[in-house]
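Undergrad:
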Amino acid sequence: MSENTWPIYFAENLIVGNLNSSVAVATLWTPKEAFGKRLKADSYCVMGQLYSNDGINAILRNTLARPQIRTIILCGQDKIASADSLTCLVNNGINEKGEVIGKIESRVEKEIPKEAVDLFRANVKVVDMRGVLKVEEIQAAIDAAQADNAPWAEPQMFPEPEISADWFPSENSTYTFRGKTVAHVWPKILHSIMRFGEEKMTHYSTKQKELWNVVAVITDEDPEHIEWAPYFNFTKEHFEGYKPQVMTAEPVPSLAYTYGIRLRDHNGVNQVQSIIKKIKEEYFTRRAVAVLWNVAIDDDSTHPPCLTVVQAAVKYDKLYLTCYLRSNDMFRGWPENILAFRTMQKEIADAVGLPMGPLTSISESGHVYEESYVQVKEVIDQAYPKLPCEQDPRGNYVLKVDKTKQEIQVIHMSPEGRKIGMYNGTTAMGIFNDIANNGGISVFVHALDLGAELQKAEIALKLGIEYTQDRPLPLTKESLK
5 MSENTWPIYF AENLIVGNLN SSVAVATLWT PKEAFGKRLK ADSYCVMGQL
55 YSNDGINAIL RNTLARPQIR TIILCGQDKI ASADSLTCLV NNGINEKGEV
105 IGKIESRVEK EIPKEAVDLF RANVKVVDMR GVLKVEEIQA AIDAAQADNA
155 PWAEPQMFPE PEISADWFPS ENSTYTFRGK TVAHVWPKIL HSIMRFGEEK
205 MTHYSTKQKE LWNVVAVITD EDPEHIEWAP YFNFTKEHFE GYKPQVMTAE
255 PVPSLAYTYG IRLRDHNGVN QVQSIIKKIK EEYFTRRAVA VLWNVAIDDD
305 STHPPCLTVV QAAVKYDKLY LTCYLRSNDM FRGWPENILA FRTMQKEIAD
355 AVGLPMGPLT SISESGHVYE ESYVQVKEVI DQAYPKLPCE QDPRGNYVLK
405 VDKTKQEIQV IHMSPEGRKI GMYNGTTAMG IFNDIANNGG ISVFVHALDL
455 GAELQKAEIA LKLGIEYTQD RPLPLTKESL K
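Using our numbering, the first residue of the sequence shown is number 5, and each one after it goes up by one.
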């Protein structure tokens, strides 16, 4: 292999010293430049950082492509225990899945065979000096590790890794979705369950994908004029047949109980009327609660209610409603559940003489069953790309570049269009940090958009060119000189 083509991976992020040296240095989270100018460049082969668990793959590939390296010195600050990935790899090896024994969150790419990993382990020594920042100590370790640089194997190259996954990391608890209507929110929920949900078994001997604590907020749905989406998996007629199970206490012959029975005739108590009465008596009450769980019956029941608590409250002169569900089939159950709950919310709001505020559902276990996966994907493919842009309830930002003051100016606008704040500065990062510290953004796409606009404004300020929000910069060869 030509010396001009090595290092193969992350060459632009590495400091190459003396290619005849048998020692490499990994500075973990400490910038390599902190050592690079002070260590003897002819004493080490290459120096770089090891930020993540995945970094062991680049180390393996680069070292096996240049098997003169016999020692890797770990030094610098280790913020996330990335050093453990390399030390456990060398000390313990990998299992049949490619997971590093002793640190299974670290995984060797399947394109690197176990035989190559074991060859690396047999010939490369790791000197663990994590936490050491003194250049003199690191230099002494480099000097002590110098050895014969004859290759201990033939250079090896491996296919590039295939990047694919059927599950992605996420918060693990509490996923919030907002929208005007069920039609806007439902595809977002399904998309996140399929992407981030844990696949696990159920009581029904089938698999499911599940998110824990799915919070859905519906702000504008009119239950008398529902937005019927073509991708709904139920008809208007079916919903009209389901609605009485929430809106009345009438029994259904095939069911032991309905939500309506538990809400409106729970041991003789009409809890919906009780909620209305409490709000009328004290609009600020926090006791307007209905409970559907009957401990005497449901503690050992095989079919306890999924909806367990409903709470109404007056906020900002509107009637808010929150519904807690211990378990919720988000494909076959949630849309009709929420539309029926919204109908009940209107009943309560009308009775107390207030407009409706948002309806919030909290689904402790928000899941879809394996037999629904294909249909769920069809809904996502049809609806998700076409969903309306979500407006940020925390407001919007108007940007301009003031050439006279040589600064970026950002005006914070409320959702109603009122000026409520002002930020200024000369760098995108500085202003963005100020906004972030104030919790000024709650929607991902809004944060991405604002970050891009701030960076454009900084470029325009530095180059002395015009900046217009939401428009491309007028970049020319002359402006870039």
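Idealized CB from N, CA, C, for every residue including glycine.
1. Using CA atoms only, rank isn't needed, just tell me which of Glu340, Arg398, Glu368 and Trp156 is closest to Glu241.
2. Checking the sheet assignment: what are the DSSP bridge partners for Thr180?
3. Going by the beta-carbon positions, is the gap between Gly52 and Val29 smaller than 9 angstroms?
4. List the endpoints of the continuous beta strand (DSSP E) containing Ser331.
5. Would you mind sorting Asp88 into buried or exposed? The rule is 16 or more other CB atoms within 10 Å of its CB.
6. Who are the Cβ neighbours of Glu109 in its own chain at under 7 angstroms, not counting the five residues just before and after it?
7. Among Ala126, Ile146, Gly21 and Glu100, which has the Cα closest to the Cα of Asp132?
8. Give the DSSP-derived three-state secondary structure of Arg111 in the structure shown.
9. What are the boundary residues of the beta strand (DSSP E) that includes Ala151?
10. Would you identify the three-state DSSP class for Thr347, choosing helix, strand or coil?
11. Compare the beta carbon distance of Val128 and Thr67 with 9 angstroms and say whether it is the shorter of the two.
12. Decide if Asp474 is buried, meaning its Cβ has at least 16 other Cβ atoms within 10 Å, or exposed.
13. Which residue from Pro35, Lys44 and Ser26 puts its Cα closest to that of Leu18?
14. On the CB-based measure, 16 or more other CB atoms within 10 Å of its CB, does Met161 come out buried or exposed?
15. Grouping DSSP H, G and I as helix and E and B as strand, with all else coil, what is Ala144?
16. In angstroms with no decimal places, state the Cα-to-Cα distance between Arg74 and Met417.
17. Which residue wins for smallest C-alpha separation from Ile280, given the options Leu259, Asn237 and Val314?
18. Judging by CA-CA distance, which residue of Ala432, Arg398, Leu403 and Glu420 is the nearest neighbour of Ile445?
19. Assuming contact is defined by CB atoms lying nearer than 9 angstroms, are Ser86 and Leu54 in contact in what I supplied?
20. Helix, strand or coil for Asp132 per DSSP?
21. Here's the rule: buried if 16 or more other CB atoms are within 10 angstroms of the residue's CB, otherwise exposed. What is Pro173?
22. Between which two residues does the beta strand (DSSP E) harbouring Asn428 extend?
TA: So, from the listed chains and residues:
1. Glu340
2. Val219
3. yes
4. Lys322 to Asp333
5. buried
6. Asn57
7. Ile146
8. strand
9. No beta strand (DSSP E) holds Ala151; DSSP gives it neither H nor E.
10. helix
11. yes
12. exposed
13. Pro35
14. exposed
15. helix
16. 60 angstroms
17. Val314
18. Arg398
19. yes
20. strand
21. exposed
22. Lys423 to Gly429
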